[in-house]
Amino acid sequence: MSSDGGVQADAVNTSSGGGDGFTELDNVIIRFAGDSGDGMQVTGAMFSDNSAFIGHDISTLPDFPAEIRAPAGTLPGVSSFQLNFSSYDIHTPGDQPDVLVALNPAALKVNLRDLKPGGTLILNKDAFKDMDMKKAGYTEDPREDGSLSGYQVFDLPITSVCLAAVENTDLTKKQAMLTKNMFTLGIVCWLFDRPLDLIEKRIEKVFSGRKAALAAPNILALNAGFNFADTIEAFTSRYTVGKVDLPPGEYRRITGNEATAMGFVAASIAIGRPLFYASYPITPASDILHELSKLRHFGVKTAQAEDEIAAA
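Positions in the sequence shown are counted from 1; adding 2 to them yields our numbering.
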């Protein structure tokens, strides 16, 4: 972030071309980071879908913990999702984020080294308790020892305000804690002038069927985060990114795993051989198995093994 509190990007229109107090940027790289149970992948995917729908070119990089069920608040348990959204053609998720959202000290510890000098740092103030910082390997509070002086820091009470927003719902305390990713998404949507209706529809789709009761509280948290950012007056600027100039046509967001599955099928058709895929389900490779299981009309056969040895 620049000295005036603006998100820093490599290519910025020097005028506030967005109008209505908005600064227009050519592209922004943002990374959402937190515990593997904090919903960072869902948050990043929803913001990515929103970006694509309103006309940006996007490239994403999900990053999952290598460990299975790493202890909460520890470095090995950090999950993140990086998105590069742009008004021009891009091919990578970028190297240095302009914005880092860190929901706990471990997420800050793991990802701070990648944040662009002068970049924007959004922290969850409620997660920076002594025990949390100790689990992340901090001997001193990074917010007070000067280590964050090169960044524009917004230390916000994300958890407490979110819990207050959903306290009159039927959620349990554990379920209410899980809505803070939507509260955070609301803050970021306000910062980048994003409409919430598309994300609300996505939430209703994600939380359907037996999980339908969770949709309304998550939408409530999303709107609470948006309104919180609008009223606290901590952010001195808001930002817009223009639409990419693409030929008319139908476009879709595709993940690396989805592309891998399609590539397997294309290869099997090209060589005239049937495709059989055996896999042990584990994040993030599980999506390849899931995608191939949907393509049985191409003669694909899949097998879910109980462990790595059985898959071999």
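Glycine is no exception: its CB is placed at the ideal position from the N, C-alpha and C atoms. For clarity, every value in this text was computed on a predicted model and none was experimentally measured.
*So is residue 128 buried or exposed if we call it buried at 16+ other beta carbons inside 10 Å?*
Position 126 of the sequence shown holds residue 128. The residue is buried, with at least 16 neighbouring Cβ atoms inside 10 Å.
*Would the beta-carbon of residue 107 fall within 8 Å of that of residue 153?*
Taking the first residue of the sequence shown as position 1, residue 107 is located at position 105. Taking the first residue of the sequence shown as position 1, residue 153 is located at position 151. Annotated as distal: residue 107 and residue 153, with beta-carbon spacing of 8 Å or more.
*At which residues does the beta strand (DSSP E) containing residue 306 begin and terminate?*
Start at 1 with the first residue of the sequence shown, and residue 306 comes out as number 304. From DSSP, the beta strand (DSSP E) with residue 306 extends over 303-306.
_Output needed for residue 96: all residues of its chain with C-beta closer than 6 Å, excluding positions within five of it in sequence on either side, in chain order._
In the sequence shown, the residue the question calls residue 96 occupies position 94. The answer, listed in chain order, is 31, 86.
*Element boundaries [beta strand (DSSP E), containing residue 150]*: Counted from its first residue, the sequence shown places residue 150 at position 148. From DSSP, residue 150 is part of no beta strand (DSSP E); its letter is neither H nor E.
*Reducing DSSP to helix, strand and coil, say where residue 75 ends up.*
Against the sequence shown, residue 75 aligns to sequence position 73. When secondary structure is reduced to three states using DSSP, residue 75 falls in the coil class, being assigned neither helix nor strand.
*Starting from residue 204, follow the beta strand (DSSP E) in both directions and report where the run begins and ends.*
Taking the sequence shown and counting its residues from 1, the one referred to as residue 204 is at position 202. Per DSSP, residue 204 is not a residue of any beta strand (DSSP E); the alpha helix (DSSP H) it occupies stretches across 199-208.
_What would DSSP say about residue 36, mapped onto helix, strand or coil?_
In the sequence shown, counting from the first residue as 1, residue 36 sits at position 34. Residue 36 falls in the strand class under three-state DSSP.
*asked:* Here's the rule I'm using: 16 or more other beta-carbon atoms within 10 Å means buried, otherwise exposed. How should residue 174 be labelled?
replied: Walking along the sequence shown from the start, residue 174 turns up at place 172. It is exposed - the Cβ of residue 174 has fewer than 16 other Cβ atoms within 10 Å.
*residue 187 to residue 57 span [Cα, whole Å]*: What you label residue 187 is simply residue 185 of the sequence shown in a count that begins at 1. What you label residue 57 is simply residue 55 of the sequence shown in a count that begins at 1. So the alpha carbons of these two residues sit roughly 19 Å apart.
_Three-state secondary structure assigned by DSSP to residue 44_ = Against the sequence shown, residue 44 aligns to sequence position 42. If DSSP states are grouped into helix, strand and coil, residue 44 belongs with the helices.
*What number of angstroms, rounded off, separates the C-alpha of residue 3 from the C-alpha of residue 113?*
Counting from one through the sequence shown, the residue named residue 3 turns up at place 1. Counting from one through the sequence shown, the residue named residue 113 turns up at place 111. In this prediction, residue 3 has a pLDDT of 38, which is less than 50 and means its spatial position is unreliable; nothing more can be read from the coordinates.
*asked:* Pop quiz: residue 315 and residue 289 are said to be a contact at Cβ under 8 Å. What is the actual Cβ separation, rounded to whole angstroms?
replied: Lying outside 3 to 314, the shown extent of the chain, residue 315 is not represented and no answer is given.
*Between the C-alpha atoms of residue 160 and residue 44, what's the straight-line distance to the nearest angstrom?*
Here residue 160 is taken as the residue at index 158 of the sequence shown, counted from 1. Here residue 44 is taken as the residue at index 42 of the sequence shown, counted from 1. Counting only the Cα atoms, residue 44 lies some 17 Å from residue 160.
*Please confirm whether residue 216 and residue 201 have their CB atoms less than 8 Å apart.*
On the sequence shown, residue 216 is found 214 positions in, with the first residue counted as 1. On the sequence shown, residue 201 is found 199 positions in, with the first residue counted as 1. No Cβ-Cβ contact shorter than 8 Å links residue 216 with residue 201.
*Express the C-alpha separation of residue 27 and residue 18 in angstroms, rounding to a whole number.*
Here residue 18 corresponds to residue number 16 of the sequence shown, with the count starting at 1. Here residue 27 corresponds to residue number 25 of the sequence shown, with the count starting at 1. With a pLDDT of only 42 at residue 18, under 50, the local geometry of the prediction cannot be trusted, and the value read off the model is given with reservation. Approximately 9 Å, taken between the alpha carbons.
*Is it true that the segment 264-273 meets the segment 226-241, where meeting means three or more beta-carbon pairs spaced less than 8 Å apart?*
No contact exists between the segment 264-273 and the segment 226-241.
*Check each candidate in 67, 273, 252, 35 and name the one with the smallest Cα separation from residue 110.*
The residue labelled residue 110 in the question sits at position 108 within the sequence shown. If we check each option's Cα against that of residue 110, 35 comes out closest.
*In three-state DSSP terms, what is residue 27?*
One-based indexing of the sequence shown puts residue 27 at position 25. Strand, per DSSP.
*Have a look at the DSSP bridge pairing and note the partners of residue 64.*
Translated into positions along the sequence shown, residue 64 becomes position 62. Partner residues in the beta bridge of residue 64, as assigned by DSSP, are 83.
*As assigned by DSSP and simplified to three states, the class of residue 240*: In the sequence shown, counting from the first residue as 1, residue 240 sits at position 238. Look at residue 240 here: in three-state DSSP terms it is strand.
*When the distance is taken between beta carbons, is residue 68 closer than 8 Å to residue 38?*
Indexing the sequence shown from 1 puts residue 38 at position 36. Indexing the sequence shown from 1 puts residue 68 at position 66. With a cutoff of 8 Å on beta-carbon distance, residue 38 and residue 68 are scored as not near each other.
*Do residue 143 and residue 156 have their CB atoms nearer than 8 Å?*
Numbered from 1 along the sequence shown, position 141 holds the residue referred to as residue 143. Numbered from 1 along the sequence shown, position 154 holds the residue referred to as residue 156. Their beta carbons are not under 8 Å apart, which means residue 143 does not touch residue 156 by this criterion.
*What does residue 278 pair with, by DSSP beta-bridge criteria?*
Residue mapping note: residue 278 aligns to position 276 of the sequence shown, counting from 1. Within the DSSP secondary-structure output, residue 278 pairs in a beta bridge with 303.
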